Amino acid sequence: MTEALQKLHCAKLRREFSVIKPARSLKLQKFTQELSDFMSCPHQSNNTERELNRIRLQFCCNATGSFILTKRNTAVNQSIQYETSSTSTYIIYESLHSMLPEDIPWSGRRLGRCAVVGSGGILKNSSCGREIDNADFVIRFNLATVNDSDVGLKTDLITINPSQLRYKDLEKNPDPLVERVSVYGNATIIITAFAYTFCTSPSIRALNVLRPIRPHQPVVFFNPSHLRSLDRFWKRRGLQEVRLSSGLLVISSALELCEDVHVYGFWPFDSDLQGEPIPYHYYDLKTPNRRMHKMPEEFVRLLQLHSQGALTLHLQPCSSPEADPENHL
32 MTEALQKLHC
42 AKLRREFSVI
52 KPARSLKLQK
62 FTQELSDFMS
72 CPHQSNNTER
82 ELNRIRLQFC
92 CNATGSFILT
102 KRNTAVNQSI
112 QYETSSTSTY
122 IIYESLHSML
132 PEDIPWSGRR
142 LGRCAVVGSG
152 GILKNSSCGR
162 EIDNADFVIR
172 FNLATVNDSD
182 VGLKTDLITI
192 NPSQLRYKDL
202 EKNPDPLVER
212 VSVYGNATII
222 ITAFAYTFCT
232 SPSIRALNVL
242 RPIRPHQPVV
252 FFNPSHLRSL
262 DRFWKRRGLQ
272 EVRLSSGLLV
282 ISSALELCED
292 VHVYGFWPFD
302 SDLQGEPIPY
312 HYYDLKTPNR
322 RMHKMPEEFV
332 RLLQLHSQGA
342 LTLHLQPCSS
352 PEADPENHL
């Protein structure tokens, strides 16, 4: 194919992928072949689209001021509503309020180039570790394992699912949790403490335990008001599911907080772009929760943002350890 024809072909694919199609209507083999072709095209970052998305998200959801619970955005004895319930509330008494950060740590500045690293099996043998570690700010999920070859070692923000905090006698024996989080250095730990009522107790217990032992590794809580706003934002755009995945929630916040968002390890299918089978996670053999999250539907939204130039979606191995993220395809 000549260079001119290749440019036309890439422009056609970019237009096609910029339009949302329901994931259930996709014919996977044809979809992955066309997507493989598209991912071989030079990525076109679009500053206008990035700023438009930033403005939309700041107007509706305000990660800049309400990403996490802080002393600035939460008052003593304030009653906060849970993310997933219109009737369940929790009172922020002084004992918890005193442990909240004064403000959002990154308030007043953009986070530069952010790498949002999902746990998808597509990262296995990807050689993207160096590229990820070169980002200004690296976000990971659910205490995912790190390694220097495929996913990198640098971590600035790590999520924990409250279900990962079910340790017996944590106050008496904090070592297993301390050992697990210390892998991430001084990375901020963020927990969905107010997603459901059963999340709150283990989350606060973890905060109480880790605060004196790991004083340089902050533990913070997602602001449920911010997460509800993001849920409404995506529902208005046709994404209907029981609850958005933590991945989409964090990517949405990153689009507001970061100058440039690069997304790795988000791939909801059980084979890669070449049709080779891959695990759901790069580090284990667990299967996805299809009831809770509609990962393919979320993925087509990310693909749309990529095709519009609002973020960069990485779906292929990084060409070399020194690869420039702007020439990743």
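The sequence shown begins at 32 in our numbering and counts up one residue at a time. For glycine and all other residues, C-beta sits at the position ideal for the given N, C-alpha and C. Quantities reported herein were computed from a predicted structural model and do not represent experimental measurements.
| query | result |
| --- | --- |
| Start-to-end residues for the beta strand (DSSP E) that takes in residue 293 | 291–295 |
| Straight-line gap, residue 295 to residue 78 (C-alpha atoms, nearest Å) | 20 Å |
| Cβ contact (3+ pairs, closer than 8 Å) linking the stretch 179–189 and the stretch 215–228 | yes |
| Sequence ranges, beta strand (DSSP E) only - wholly within the stretch 100–139, length at least 3 | 109–112, 120–123 |
| For residue 359, the three-state DSSP class (helix, strand or coil) | With a pLDDT of only 45 at residue 359, under the threshold of 50, the placement of this residue in the model should not be trusted, and no figure is reported. |
| Per-residue burial, residue 175 [other beta carbons within 10 Å of its own, 16 or more giving buried] | buried |
| Residue span of the alpha helix (DSSP H) that contains residue 257, given as start and end | 255–266 |
| Residue from 178, 102, 210, 191 whose Cα sits closest to the Cα of residue 124 | 102 |
| Cross-strand partners of residue 308 (DSSP beta bridge) | 302 |
| Coarse secondary structure for residue 343, derived from DSSP in three states | strand |
| Residue 282 (DSSP reduced to helix, strand or coil) | helix |
| Identity of the residues DSSP links to residue 251 by a beta bridge | 221 |
| Residue range of the unbroken beta strand (DSSP E) whose run includes residue 146 | 144–148 |
| For residue 188: DSSP bridge partner residues | 170, 219 |
| CB contact check: residue 289 to chain D, cutoff 9 Å | The structure shown contains no chain D; it holds only a single protein chain. |
| Residue range of the alpha helix (DSSP H) that includes residue 234 | 228–244 |
| Distance CB(residue 251)-CB(residue 219) smaller than 9 Å | yes |
| Proximity of residue 258 and residue 238 at Cβ, strictly below 9 Å | no |
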